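Every letter in the sequence shown is one number past the one before it in my numbering, and letter 177, counting from 1, is 181. Cβ atoms here follow ideal geometry from the backbone N, Cα and C, with glycine treated the same way. Just so we're clear, the structure is a prediction, and the values are computed from it rather than from any experiment.
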Amino acid sequence: MTRVKICGISRAEDALAAAEAGADFIGLVFAPSKRQLNAGRAEEIVKALKGLERPPRTVGVFVNLPAIEVERAAERCGLDRVQLSGDEPWDYIRDIALPVIKAVRVKAGQSGSDILAEMERGQRYMDGDFICLLDCAVAGSYGGSGRAFDWAAAREAAERFRVIVAGGLSPDNVGEAIRMAAPWGVDVSSGVESRGRKDIAKIKAFIDAVRAADEK
Numbered sequence: 005m006t007r008v009k010i011c012g013i014s015r016a017e018d019a020l021a022a023a024e025a026g027a028d029f030i031g032l033v034f035a036p037s038k039r040q041l042n043a044g045r046a047e048e049i050v051k052a053l054k055g056l057e058r059p060p061r062t063v064g065v066f067v068n069l070p071a072i073e074v075e076r077a078a079e080r081c082g083l084d085r086v087q088l089s090g091d092e093p094w095d096y097i098r099d100i101a102l103p104v105i106k107a108v109r110v111k112a113g114q115s116g117s118d119i120l121a122e123m124e125r126g127q128r129y130m131d132g133d134f135i136c137l138l139d140c141a142v143a144g145s146y147g148g149s150g151r152a153f154d155w156a157a158a159r160e161a162a163e164r165f166r167v168i169v170a171g172g173l174s175p176d177n178v179g180e181a182i183r184m185a186a187p188w189g190v191d192v193s194s195g196v197e198s199r200g201r202k203d204i205a206k207i208k209a210f211i212d213a214v215r216a217a218d219e220k
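Here is the structure:
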């Protein structure tokens with residue numbers, strides 16, 4: 005089963021609706037972004053989710069912060085995981101107590117073997133709980149660009165590691181991404197928004213499309 009991460013959630017009601025639709029992970033953005041949350045708002049969302057019988061995992065998205073600040077925010081908000089989406093080196097992970105999702109940027113023309121080699125370099129820093137999020141490399145952006153990379157390039161890495169594919173996904177194309185990359189998970193933010201806000205109908209359509217692809 006392909007895991008689904010709905011990222012950029014900023015309201016508790018959207019988080020609860022995404023959970024009801026079947027999301028496995030809820031992404032809360034702490035980095036500078038139009039979707040950025042302060043710790044208080046993030047804490048409210050996490051508490052709302054924890055009240056569910058089977059809550060999705062909460063993931064805090066951070067960019068280029070000192071590890072002690074990431075740890076402090078994660079502890080205050082009760083996060084389940086930390087996503088590092090900046091230029092953090094692999095050894096930075098050793099300073100984070102929670103399980104980590106490490107973002108890896110995929111450049112135009114980059115081969116599957118190049119992506120696999122990068123993940124192999126990082127594996128020794130992440131022990132057995134090794135998850136990477138592959139996103140399109142866009143100058144000046146640390147995610148949320150809505151741009152896709154060549155999904156087929158992720159397949160070689162996905163055959164060996166838990167890979168989440170991100171960037172440019174929507175209800176209309178996520179099935180194709182799953183067919184081409186066979187990832188462990190998929191991540192979406194702008195692809196389930198309307199007028200800059202999360203659209204519950206699009207979230208449901210996205211998750212339905214993932215489940216339909218899994219059945220093929």
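Bridge partners of residue i, per DSSP?
i       : result
Gly-31  : Val-63
Ser-145 : Paired residues: none, contrary to the question.
Asp-221 : Because the chain here runs from 5 to 220, residue 221 falls outside it and cannot be looked at.
Asp-191 : Lys-9
Ile-168 : Leu-137 and Gly-189
Leu-88  : Phe-66 and Lys-106
Arg-201 : Ser-198
So the candidates are the options; which of them puts its Cα closest to the Cα of residue i?
i       : options                              : result
Leu-56  : Ala-157, Lys-38, Ala-21 and Val-196  : Ala-21
Tyr-146 : Val-110, Gly-195 and Asp-95          : Val-110
Cys-136 : Ser-115, Ser-194, Gly-144 and Val-86 : Val-86
Glu-160 : Pro-175, Met-123 and Ser-194         : Met-123
Asp-28  : Arg-61, Ile-13, Gln-40 and Lys-38    : Arg-61
Gly-26  : Ala-185, Pro-70 and Pro-59           : Pro-59
Val-67  : Pro-93, Ala-23 and Ala-112           : Pro-93
Arg-98  : Gly-126, Trp-188, Ala-43 and Gly-144 : Gly-126
Please report how far the alpha carbon of residue i lies from the alpha carbon of residue j, in whole angstroms.
i       : j       : result
Gly-31  : Asp-133 : 18 Å
Lys-54  : Met-130 : 26 Å
Arg-199 : Ile-182 : 27 Å
Val-65  : Ala-35  : 7 Å
Phe-165 : Trp-155 : 15 Å
Leu-120 : Ile-100 : 23 Å
Glu-48  : Asp-18  : 12 Å
Ala-162 : Gly-116 : 10 Å
Ala-71  : Val-192 : 25 Å
Arg-128 : Asp-95  : 9 Å
Glu-24  : Asp-212 : 12 Å
Asp-176 : Asp-84  : 30 Å
Cys-186 : Cys-140 : According to the sequence displayed, residue 186 carries Ala and not Cys. Distance between the alpha carbons of Ala-186 and Cys-140: 17 Å.
Ala-107 : Ala-77  : 19 Å
Ser-37  : Gly-90  : 13 Å
Leu-41  : Ser-14  : 7 Å
Met-184 : Leu-138 : 14 Å
Val-33  : Trp-188 : 21 Å
Asp-118 : Ala-43  : 37 Å
Arg-80  : Gly-144 : 29 Å
Lys-220 : Leu-102 : 35 Å
Ala-112 : Leu-69  : 27 Å
Tell me, to the nearest whole angstrom, how far the beta carbon of residue i is from that of residue j; I am working on the premise that it is less than 8 Å.
i       : j       : result
Leu-88  : Val-104 : 6 Å
Val-178 : Phe-210 : 6 Å
Gly-12  : Arg-39  : 4 Å
Ala-158 : Gln-114 : So it is not a contact: roughly 10 Å between Cβ atoms.
Give every residue of the same chain whose Cβ lies closer than 6 Å to the Cβ of residue i, excluding the five residues on either side of it in the sequence, and list them in chain order.
i      : result
Gly-82 : Val-50
Excluding the 5 residues preceding and the 5 following residue i in the sequence, name in chain order all residues of the same chain whose CB lies nearer than 8 Å to its CB.
i       : result
Val-190 : Thr-6, Arg-7, Val-8, Lys-9, Ile-168, Val-169, Ala-170, Leu-173, Val-178, Ala-181, Ile-182 and Val-214
Ala-216 : Gly-179
Ala-52  : Ala-16, Ala-19 and Leu-20
Asp-218 : Met-5, Thr-6 and Ile-182
Within the same chain, show all residues whose beta-carbon is closer than 7 Å to that of residue i, passing over the 5 residues directly before and after it, in chain order.
i       : result
Val-196 : Ile-10, Lys-202, Asp-203, Lys-206, Ile-207 and Phe-210
Val-74  : Phe-66, Val-86 and Ile-100
Is residue i near the ligand NAP - that is, is its Cβ less than 8 Å away from at least one heavy atom of it?
i      : result
Gly-90 : Among the components of this structure there are no ligands whatsoever, and the ligand NAP is therefore not found.
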